[in-house]
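Take the sequence shown: its position 184, counted from the start at 1, is 185 in the numbering used here, and no numbers get skipped.
Cβ atoms here follow ideal geometry from the backbone N, Cα and C, with glycine treated the same way.
Report on the structure given below.
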Amino acid sequence: MSNTSASSETNMDVGSNKSMSSNSSSSADDDISIEIPATSPMAKTSNDEDSCTWYSGAICSRPRSCFDCLNVVIPGQDCAVSPRGECINFYMASSTGGYPMANFMYCSADDTICSACRTKWTNDYMADIHVSSTAKCVGQSGCICLASCELPNHIATVVDMWCKPVLDASLFQVVTGLIIGTIALFVVATILTNRHFARRLEQDVELREAQSVARAALRETRRPSALAHLPRLSLSGWAGMREKLVSSEQNRLESGGESTQPALARSSTVPFNTDVDHGDGYRQMSPSENSTRREN
Numbered sequence: 002m003s004n005t006s007a008s009s010e011t012n013m014d015v016g017s018n019k020s021m022s023s024n025s026s027s028s029a030d031d032d033i034s035i036e037i038p039a040t041s042p043m044a045k046t047s048n049d050e051d052s053c054t055w056y057s058g059a060i061c062s063r064p065r066s067c068f069d070c071l072n073v074v075i076p077g078q079d080c081a082v083s084p085r086g087e088c089i090n091f092y093m094a095s096s097t098g099g100y101p102m103a104n105f106m107y108c109s110a111d112d113t114i115c116s117a118c119r120t121k122w123t124n125d126y127m128a129d130i131h132v133s134s135t136a137k138c139v140g141q142s143g144c145i146c147l148a149s150c151e152l153p154n155h156i157a158t159v160v161d162m163w164c165k166p167v168l169d170a171s172l173f174q175v176v177t178g179l180i181i182g183t184i185a186l187f188v189v190a191t192i193l194t195n196r197h198f199a200r201r202l203e204q205d206v207e208l209r210e211a212q213s214v215a216r217a218a219l220r221e222t223r224r225p226s227a228l229a230h231l232p233r234l235s236l237s238g239w240a241g242m243r244e245k246l247v248s249s250e251q252n253r254l255e256s257g258g259e260s261t262q263p264a265l266a267r268s269s270t271v272p273f274n275t276d277v278d279h280g281d282g283y284r285q286m287s288p289s290e291n292s293t294r295r296e297n
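In structure tokens form, the structure reads like this:
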């Protein structure tokens, strides 16, 4: 079949097995019969450790082909081909769109229609002509083939979509440097802040201690001398004399004395002589002279 017919098949809408019926033919009695295309049963994968996207032990290096994705069953998994040519789980395809293996089969390499489409897509790709990643063809038996699965960069595209880091090496280094710088700046700021608060706290403690000492000194200066920490005077002699006088007075009162006033007793009626300074020497002064001098 020519490229013109392949191109016309590319624009066909394929939705389900109901759209993959052959042209009807009418019989003499006008009965209509639909011929179901003959398809080979799906094969089972030889390695149960395969996933929908990757072959066993080949993650990020060898993605599963679109043919195996739709035609080879992995026990416990229901796969689908996305419009970008990656084999994914059916639940992912249900939100992004795609071709589930329950409704579609992928054309084999010897399908003439798919081979013609593959040749055209490859030639356009090599000639730098844009090829839509969603372009598809319907093969002879109703199978499908996708441009995104047949282009030479299919494997690299899937690996890049799934495994290429978001940042390249240079940009990653820049971002890493910014993160490290931010962390270092935060650490330095935290240390300086803690030191500042520690210094302020130490100054506050010293200030409070100085104020406490000043208040204590002020209270000490204002405290009465009776309350100050001074040694008390010993009044034992005065207390003894007082007790003696009280006792003597009580004894005299008890003995019936007439006078309550204390009197001084003289040991002699003879007046005593007193030496008076007179000129270059001393002389005795009579009692009358002594009395006159006292009155003056």
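Within the same chain, no residue comes within 6 Å of E221 by CB-CB distance, once the 5 residues on both sides are set aside. Per DSSP, the beta-bridge partners of W55 are P64. Rounded to whole angstroms, the gap between the alpha carbons of R119 and T158 is 17 Å.
In the structure shown, A110 falls within a coil segment according to DSSP collapsed to helix, strand and coil. Here Y92 is exposed, its C-beta having fewer than 16 other C-beta atoms within 10 Å. Under DSSP, L71 takes part in no beta bridge, so it has no partner. Contact between Y107 and N72 holds: CB atoms are separated by about 6 Å, below the 8 Å threshold. Annotation: the continuous alpha helix (DSSP H) that includes L246 extends over 237-255. In this structure, the beta-carbon distance from Y100 to V82 falls below 7 Å. With 16 or more other CB atoms across the displayed protein chains lying within 10 angstroms of its CB, E151 is buried.
A distance below 7 Å separates the beta carbons of C115 and C146. In the three-state reduction of the DSSP assignment, N195 falls in the helix class, which pools H, G and I. The Cβ atoms of C61 and C164 sit closer than 7 Å to each other. Of the other Cβ atoms in all chains shown, 16 or more fall within 10 Å of the Cβ of G86; this residue is therefore buried. V160: member of the alpha helix (DSSP H) spanning 155-164, first to last residue. Distance from S133 to A117 at the Cβ level is roughly 17 Å; contact not present, criterion being Cβ atoms closer than 8 Å.
Note on geometry: alpha-carbon atoms of M102 and D129 lie some 32 Å from one another. Shown here for D112: same chain residues with a beta carbon closer than 8 Å to its own, the five before and five after excluded, namely G140, Q141, S142, C144, C146 in chain order. Nearest C-alpha to A94 among P76, C70, S109, A110: C70.
Looking only at L208, V160, D49, I184, the smallest Cα-Cα distance to P64 is reached by V160.
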